[in-house]
Amino acid sequence: MKTISFVLNGKKTSIEVDDNETLLGALRERLGITSVKEGCGIGECGTCTVLVDDEPHYSCLTLASKANGRDIKTVEYLSSSGVLHPLQEAFIKSGAVQCGYCTPGMLLCAYSLLLKNADPDARDIKEAISGNLCRCTGYIQIEEAIKNAAEICKCDR
Amino acid sequence: MFIGQDITRVDALDKVLGTAAFAHDLKKNTMLFACVVRSSRPHAMIRKIDTSAALALDGVVKVLSHKDIPGENLFGAIKKDQPFLAEGRVRFKGEAILVVVGVTEEIARKASGLVDIEYEDLEYISDPFLSMRSPTLIQDGGNLLSHRKVIKGDAGKGFESSYVIVENTYSTTWIDHAYMETEAGIGYTDERGHIVVASSTQNIHYKMKEIARLLAIPPEQVRVVQATTGGGFGGKLDVTVEGYIALAVYHTKRPVVMRYTREESFLGQTKRHPLYIEYKTGAEKDGSLTAVEVNIIGDTGPYISYGETVCLRAAVHATGPYEVPNVLVNSRMFYTNNPVSGAMRGFGVPQLALAHESQLDEIAQRIGMDPLDIRMKNALKRGSLTATSQVLNHSAGLLETLKGIEPFWRARRKQGPGSGFGLGCMYYGIGNTGISNPSSCYLTFTPEGRVEMHSGVCDIGQGSDTVLLQILCDALGMEEMGIDLVRGDTDTSLDAGSTSASRQTYISGMAVCDAAQKMREYLEGQGYYSGKPLKDICREAAEKGLPVFNGHFDPPTTAPDPETSQGAPYATYAFATHMTEVHVDEVTGVCKAVKVHAAHDVGRAINVSNVKGQIYGGVAMGVGLALMEEFVPGKTESFDNYYLPTSMDMPEVEAIVVEDPEPTGPFGAKGVGEPALIPQAAAIVNAIKDATGVRMRRLPCDIERLKLALEKNKIE
Ligand code: FES
Ligand code: FES
């Protein structure tokens, strides 16, 4: 066991973790952040995506201890100001949510993309979510939602 | 008006916030974790089970076997034939033998690895052709599960008078549902002493009854709740974790949670049936179909699940959506020691679409006809007779879907070598085949003056909750969505049947309309429509007890004739045409679906965004079916060797919604969930032929298979 400290969705957090514990396990079991989903446990599906210093990572493959000193974001961050993020609005409006199991991971990948690239084209969007599987939507409405949200974010600037 | 509007899905907000409680997220204080010990052999007698090491592990609470089942150790959606826990014999690799309950997941899983099982192997019946000849019986009644025939006219005579005959065989493989959320649930005993199970499921009332039989308690003492469900596609129709959870709760008297790993989900759950299809098609010089003869042989695994359903549905859909005067279909399902094949989006029809659509293209080629023209010529339309001689009296918009595609088809231009275009058509009977499959619901008010809809329909992500609310609002003539939805709980709803067979919009939608009609009459009498506020009506009514209005609908069908399957097995059919452009790299064998035009006659689109979502998702699954997905028994255990389409594999899709209203449906609606997938693989295969000259008759056409076929073609 060791104590790690990191910023979780903007708040300083310290927890005790086992040496071999995954970040996925620590977030879900110790911190009750169940928006981070397990779909495969071996880095193949992306439902467990979190942002580590704003870059998407599979939390099932990330050791919790690696979060020490880092900035960790889960989907809760997007609405932490009390209003929905344009991406969340756009996901709802564009029909990008079916079963919703992939949704938090998709939103985080999209958020990370828009931080780096305010004006992504279709290809950029496809690539940004290519490590995240969705069995329901065929990705099309997710991609539309990201495109629409990018437009709105641009106007907000 | 709510019908036809893109009303925001009622479940979307919680899902984008990350607060939706999926089955994987459910917790209770003092809960235990259970997991299943599974057979490592495909077919064996169990000689000895040693659980002492597992029981000795600190934190292990119970190890349960079939002997601990107080009721009947058999389940099954159609017939009760599959043991919850194996008794002395296992019939597929992954079959459940024991349930290990521990204080943590880690302990339970570790203990399950410590169980020592001694097997004596039996002959592994690895395919249906071996099964039909082998003296080894998988089930006592023999290895043939089901044989269904469709006989219309005289196929022999039809071929005699044919100008052209095309005969080929096709085959498909196991497909995993691969919902992103694996099977999971939680159970506990409530203050009344009832067993409660909340799980990821497509049918709560069915599971309630199965748990009651397992535990030998009255169904009224079982409550099943649908947790937010991360996809279903047919795989969460059978009992998955629910029975084991209930059994563990029964014995430990503590809350018990269960979550399948991805590996377990691959190993333990049902698959799409691999079908072997011999197909003979005859036509006249002008392209009119004269006769079709089909021989279907399916691998159903060792237990029935939905094997009989798929056997029959594949048979009655075998001709595709065309008028064929002479039809002979033999559809047979054999037991094997492969995984149990069950329900998966389309129930055998996507497999048949591969065959009938390939055949039609070959006929067209032989007589020099355009693939679109031959489809138009033979398309079922209003007044047509189907293969079961059902007269299509109502909604039958196949021609309209073909016309929707026509401008794109006529304007198609190949983009250099490796570029090709293909068509696929389908029809699909909405609801179960030739049997009663009713749905019920009820409506009431809250004392505060809101309408309350009690629905047993499981929304598995396709959006039925929203669609049913839209139907109810319009049926009541409401201007705002002033409805509270009480859903997915056997304690508070009536049986709506399964979320399967694309039936919920049509059948449960009609049940909602039925209840709404009664509520409307009541509201009329109370002066609601002449301006009296609902609040006042409810306040007054609350004194006497708020009224309840039941709704019910069972689609009118007739049972198929046992010898010929003639009859009207479905009350209505959906129709669709897909056109797909592919690009094949002839050196590497990589096929990419580039663009899809998908036209669907849905009767009436209650929610256009939802309909499109189904079409896009169906296309994705069709791309997987055609090009990459293959479960290999004994090998596949993760997404490492089971490939799902990613965003990079998806074609551009243009959805074309055709509305030929169905008078027996809610506001004219039919269904779209399965139709969206059915013609897609066929369209891809036809496009590959157009692009390369190579006809692929076996799915998936993955890189290796396609490359090999292209090389062979070059040599020939
Ligand atoms: S759970 Fe981490 S990638 Fe699938
Ligand atoms: S919405 Fe179901 S997996 Fe993406």
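Same order as they appear, the protein sequences are chains A and B.
If you count by this note's numbering, then the first sequence holds residues 1 to 157, one letter each, in order.
If you count by this note's numbering, then the second sequence holds residues 1001 to 1716, one letter each, in order.
Ideal placement from N, C-alpha and C gives every residue a C-beta, glycine not left out.
heavy atom of ligand 2 below 6 Å from residue i C-beta
i, result
"T1019/B", "no"
"T1577/B", "no"
"M1453/B", "no"
"Y101/A", "yes"
"Q98/A", "yes"
"R135/A", "yes"
"G105/A", "no"
"M1621/B", "no"
"G1613/B", "no"
"M1180/B", "yes"
"G1525/B", "no"
"G1463/B", "no"
"G1231/B", "yes"
Distance, residue j Cα to residue i Cα
i, j, result
"N1029/B", "V1101/B", "16 Å"
"L87/A", "L1214/B", "46 Å"
"L1721/B", "N1143/B", "Since the displayed chain B opens at 1001 and closes at 1716, residue 1721/B lies outside it and no answer follows."
"A1184/B", "H1024/B", "6 Å"
"K1080/B", "L1074/B", "5 Å"
"K1595/B", "T1580/B", "6 Å"
"L1392/B", "Y1427/B", "12 Å"
"A1096/B", "A1315/B", "32 Å"
"L1017/B", "A1227/B", "17 Å"
"K126/A", "A118/A", "15 Å"
"G1113/B", "Y1188/B", "26 Å"
"P1255/B", "L61/A", "30 Å"
"S1134/B", "L1398/B", "44 Å"
"D71/A", "E1105/B", "29 Å"
"A1516/B", "L1443/B", "7 Å"
"K1236/B", "E1284/B", "45 Å"
Whether residue i touches residue j by CB criterion (7 Å)
i, j, result
"V1115/B", "T1182/B", "no"
"H1600/B", "E1654/B", "no"
"A1576/B", "T1401/B", "yes"
"Y1570/B", "I1430/B", "yes"
"I1165/B", "G1004/B", "no"
"A1691/B", "S1419/B", "yes"
"Y1170/B", "R1705/B", "no"
"V1324/B", "V1150/B", "no"
"C153/A", "G1461/B", "no"
"L1472/B", "A1198/B", "no"
"D1495/B", "H1205/B", "yes"
"T1158/B", "T1290/B", "Per the sequence shown, the amino acid found at residue 1158/B is Gly instead of Thr. It is a contact, given that the beta carbons lie within the stated cut-off."
"S112/A", "L51/A", "yes"
"G1424/B", "P1128/B", "no"
Proximal chain B residues relative to residue i, where beta-carbon distance stays under 7 Å
i, result
"S79/A", "L1017"
"P104/A", "G1018"
"Y101/A", "F1022, M1180, E1181, G1230 and G1231"
Closer than 8 Å at the beta carbon, the chain B residues around residue i
i, result
"I92/A", "T1008, R1009, A1012, L1013 and V1016"
"L107/A", "V1016"
"T74/A", "G1018"
"T130/A", "Here residue 130/A turns out to be Ser, not Thr, going by the sequence shown. Those are T1646, S1647 and M1648, listed as they occur along chain B."
Chain-ordered neighbours of residue i on chain A, where CB pairs are closer than 8 Å
i, result
"H1024/B", "T34, K37 and E38"
"L1644/B", "L133 and R135"
"S1609/B", "S94, G95 and Q141"
Proximal residues to residue i (C-beta, below 6 Å), its chain only, five neighbours per side dropped
i, result
"I1078/B", "I1304 and E1308"
"Q1139/B", "Y1335"
"Y1124/B", "P1042, H1043 and N1337"
"R1539/B", "none"
"G1673/B", "Q1462, S1502 and Q1614"
"G131/A", "G46"
Proximal residues of chain A, C-beta to C-beta of residue i below 7 Å
i, result
"F1639/B", "C40, E44 and C45"
"Y1616/B", "T137, G138, I140 and Q141"
"G1613/B", "G95, Q98, T137 and Q141"
Closer than 9 Å at the beta carbon, the chain B residues around residue i
i, result
"E16/A", "Within 9 Å Cβ-Cβ: nothing; E16/A doesn't reach chain B, min ~16 Å."
"K126/A", "T1646, S1647, M1648 and M1650"
Cβ shell of residue i (< 7 Å), same chain only, five flanking positions each side left out
i, result
"A1111/B", "A1054, L1057, V1060, V1100 and G1102"
Specify which residues have a beta carbon nearer than 6 Å to any heavy atom of ligand 4, listing them in chain order. Among the ligands present in this structure, namely ligand 1 and ligand 2, ligand 4 is not found.
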